[in-house]
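FYI, the numbering for the sequence shown is 830 to 1292, going by the numbering used here.
Cβ coordinates follow ideal geometry from the N, Cα and C atoms, glycine included.
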Amino acid sequence: MGDLLVGIDRSGGAVGAQITAGLRDAVRTGRLAPGDRLPSSRTLAADLGVSRGMVVEAYEQLVAEGYLTSKHGSGTRVADIPERRAPGGPEEPRDANDISALPYDLKPGTSDMSAFPRAAWLAATRHALATVPHSRLSYGDPGGVPELRTALAAYLGRVRAAIASPDRIVVMGGVAQGIALLVQALQARGHTSIAVEDPSSAMQRDLLRSNGLPVVGAPVDCDGIDVAALARTGARAVLVTPAHQYPTGVVLSPERRAQLTAWARDVDGLIIEDDYDAEFRYDRDPVGCLQGLDPDRVAHLGSTSKALAPGMRLGWAVVPCAWLDQVRDLKRFADLGSAVINQFAFVSMLESGGYDRHLRAMRLRYRSRRDVVTDAFAEYLPEVEVNGIRAGLHLYVELPYGCREEEVVKAAAERGVRVEPVAPMREPGFEAPPALVLGYASLSEDRIRVAVRLLAEACRSVM
Ligand SMILES: Cc1ncc(COP(=O)(O)O)c(C=O)c1O
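1. Taking just the CA atoms, how far does T872 sit from G1117?
2. What separation, rounded to the nearest whole angstrom, lies between the Cα atoms of L877 and A1280?
3. Between which residues of its own chain and R1297 is the CB-CB distance below 8 Å, once the five residues before and five after are set aside?
4. If you draw a straight line from the alpha carbon of G1019 to that of P932, how long is it in whole angstroms?
5. Can you tell me whether P1257 is buried or exposed, with buried defined as 16 or more other CB within 10 angstroms of its CB?
6. Measure the CB-CB distance between Q847 and A948 and report whether it falls below 8 Å.
7. Take L1159 and list the residues in its own chain whose beta-carbon comes closer than 7 Å to its own, dropping the five residues that flank it on each side.
8. Taking 8 Å as the cut-off, decide whether the C-beta atoms of L1130 and A1146 are in contact.
9. Using only the heavy atoms of ligand 1, determine whether one of them is closer than 7 Å to the beta carbon of S1030.
10. Between D1103 and ligand 1, is there a pair consisting of the residue's CB and a ligand heavy atom that are separated by less than 7 Å?
11. With hydrogens ignored, establish whether the beta-carbon of Y1075 is closer than 7 Å to any heavy atom of ligand 1.
12. Express the C-alpha separation of Y1075 and P1028 in angstroms, rounding to a whole number.
13. Enumerated in chain order, which unbroken segments of the alpha helix (DSSP H) with a length of 4 residues or greater are wholly contained in the region 962-1013?
14. Does the Cβ of S1039 lie closer than 7 Å to at least one heavy atom of ligand 1?
15. Quick one: what does DSSP say G1053 is sitting in, helix, strand or coil?
16. Helix, strand or coil: how does DSSP classify V844 here?
17. Rounded to whole angstroms, how far is the Cβ of S880 from the Cβ of A874, which I believe are closer than 8 Å?
18. Between which two residues does the beta strand (DSSP E) containing E1026 stretch?
19. Got a sec: does ligand 1 put a non-hydrogen atom nearer than 7 Å to the Cβ of P1257?
20. Looking at the secondary structure, which residues open and close the beta strand (DSSP E) in which I837 lies?
21. What is the DSSP secondary structure of D1125, counted as helix, strand or coil?
22. Could you give the distance in angstroms between the alpha-carbon of A1241 and the alpha-carbon of Q1033?
23. Here's the rule I'm using: 16 or more other beta-carbon atoms within 10 Å means buried, otherwise exposed. How should C1288 be labelled?
24. With a threshold of 6 Å on Cβ separation, who are the neighbours of V885 within its own chain once the five nearest residues in sequence on each side are excluded?
25. Does the distance between the C-beta of A1005 and the nearest non-hydrogen atom of ligand 1 fall short of 7 Å?
26. Tell me the rounded alpha-carbon separation between D854 and L861.
27. Applying the criterion that 16 or more other CB atoms from any shown protein chain within 10 Å of the CB defines a buried residue, is A1220 buried or exposed?
28. Throw me the rounded Cβ distance for the D970 and R906 pair, which I believe falls under 8 Å.
29. Of the choices G845, L852 and D934, whose alpha-carbon is the least far from that of G895?
30. Against chain E, with Cβ distances strictly below 8 Å, would G1131 count as a contact?
31. With which residues is R1189 paired in a DSSP beta bridge?
32. What residue range does the alpha helix (DSSP H) around L1267 cover?
33. I'd like to know whether the C-beta atoms of A1024 and A1057 end up nearer to each other than 8 Å.
34. Assign G1041 to one of two classes, buried (16 or more other C-beta atoms within 10 Å of its C-beta) or exposed (fewer than that).
35. Pull the bridge partners of G1144 from the DSSP assignment, please.
36. Quick one: does the C-beta of G1144 sit closer than 7 Å to a heavy atom of ligand 1?
Structure representation (structure tokens):
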């Protein structure tokens, strides 16, 4: 019974945590029904080849959480939980006035949070707490704990072809903090504007502006940012998304990569590379990061927001040497460094292979959702052009000419579907066909099909 209920991965972090998580999962998913009697701790420990104390501790934890009951004489049983909760997490609260409560939420910019690797993160955190000496819980290096910078340098070199020695890495509270601190560094060096791709993330442009730097747009075509237009803006710094342009999904072409780094050298400038969803490639070769081409001109930013969850607030910057001291100082002044226990837990996940395993599983899941969403468009709305499908967690859907974005968004919301218009992602004055951005990461395949059918109805109602 034990082996069927609880699998143990001896290379996957603390075994006790795995037993607890495995049993909890068995109750949540119904493999263990209310009233079922669990094997004695001695029997389960023998089945799993672990100490009895470990099983006793797991049972006690789950009794404390309300999943199990323990009565003298009748052993340990599954508690009678009135409403079974979804696997992987507690029930979601619902707020009828919240637009994100629309039943078919295709808002881009998030991961499938129901797939957060709770057991692996718990095991990694337990491992960190069991092994990190007291002294390491103090304020650490503001650039991040050395163990994480070493693990990240290896990971980014292997997966993104980055040129990333540990001393060039600064651990950040997400890409957003990397952008904010680099903007401060630019201002301190006399920059008076920064260029962005047009269209680009509205959140990012707000972030740049709120840090006091005027933003100028440079258009994106099918090869990525137009470098000649960028040069005409007069800016000497630019924020780009080369691996999968946000929101169009275009990859920056090799010619444009060369032009962009040449531009940065010519103007003695800085390229900020936002590698926000680079882990997710489906049917094209991974594109190495821009930083690997010119590590002295490109500051590379990434995070765990898409791979794990946005709320992790854990990311990194690989900073050109000439900017390093300044960025490390700015990070120190911002918050004295990121939370160390999370950093050590992430080291454990990277080193155990748990992060790679999770990414492999998520790639499969997102790829099949991507297939479902593109098939659904072909079936229900064949007249629209769907772009950016070979990577990432969102699509860029060009609407038929004459369709008004805001009318489609409204008609979709009336049918319970939330989508984002592209207009707020453009600088005023940039003309382009109407389009929507759709995130498909967090809906099940069945719900994606229904959402696209309803969106098709919405489009037809306003065409
Ligand atoms: C293009 C882009 N870059 C960066 C971010 C924010 O990243 P982080 O959560 O790492 O701060 C987002 C968030 O959705 C995004 O869409």
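This is what the structure gives:
1. Pairing G1117 with T872, the inter-Cα distance amounts to about 51 Å.
2. Put simply, the backbone Cα of L877 is about 44 Å away from that of A1280.
3. Here the chain has residues from 830 to 1292 only, and residue 1297 is not among them.
4. If I take the Cα positions, the gap works out to 48 Å.
5. It is exposed - the Cβ of P1257 has fewer than 16 other Cβ atoms within 10 Å.
6. For Q847 and A948, yes; Cβs fall inside 8 Å.
7. Non-local beta-carbon contacts of L1159 in its own chain, meaning distances under 7 Å to residues more than five positions away in sequence, involve L1010, Q1013 and A1014 in chain order.
8. The answer is yes: Cβ separation under 8 Å.
9. Correct: S1030 has its Cβ closer than 7 Å to ligand 1.
10. Within the cutoff, so yes.
11. Yes, Cβ of Y1075 sits closer than 7 Å to a heavy atom of ligand 1.
12. For P1028 and Y1075, the distance between alpha carbons rounds to 8 Å.
13. When DSSP assignments are scanned along the region 962-1013, the uninterrupted stretches of alpha helix (DSSP H) that are 4 or more residues long and fall wholly within it turn out to be 975-989.
14. False, no ligand heavy atom lies under 7 Å from that Cβ.
15. Here G1053 carries a strand assignment [DSSP, helix/strand/coil].
16. The answer is helix: DSSP assigns V844 an H, G or I state.
17. Between A874 and S880 the Cβ distance is about 6 Å, and since that is below 8 Å, they are a contact.
18. Unbroken beta strand (DSSP E) run through E1026: I1023 to D1027.
19. False, no ligand heavy atom lies under 7 Å from that Cβ.
20. No beta strand (DSSP E) holds I837; DSSP gives it neither H nor E.
21. If DSSP states are grouped into helix, strand and coil, D1125 belongs with coil.
22. Straight-line Cα distance between these residues: approximately 25 Å.
23. Buried, because 16 or more other Cβ atoms sit within 10 Å of the Cβ of C1288.
24. So the list reads S870, once near-sequence residues are dropped.
25. Answer for A1005: yes, Cβ within range of ligand 1.
26. Whole-angstrom Cα-Cα distance: 9 Å.
27. It counts as buried.
28. Not a contact, Cβ separation roughly 49 Å.
29. Of the candidates G845, L852 and D934, the residue whose Cα lies closest to the Cα of G895 is L852.
30. Of the protein chains in this structure there is only one, and it is not chain E.
31. Here R1189 is not bridged, per DSSP, to any residue.
32. First-last for L1267: A1264 to G1268, but that is the beta strand (DSSP E), not the alpha helix (DSSP H).
33. Not a contact, by the Cβ cut-off of 8 Å.
34. Its Cβ having fewer than 16 others within 10 Å, G1041 is exposed.
35. M1001 and S1132.
36. Under cutoff, so the answer is yes.
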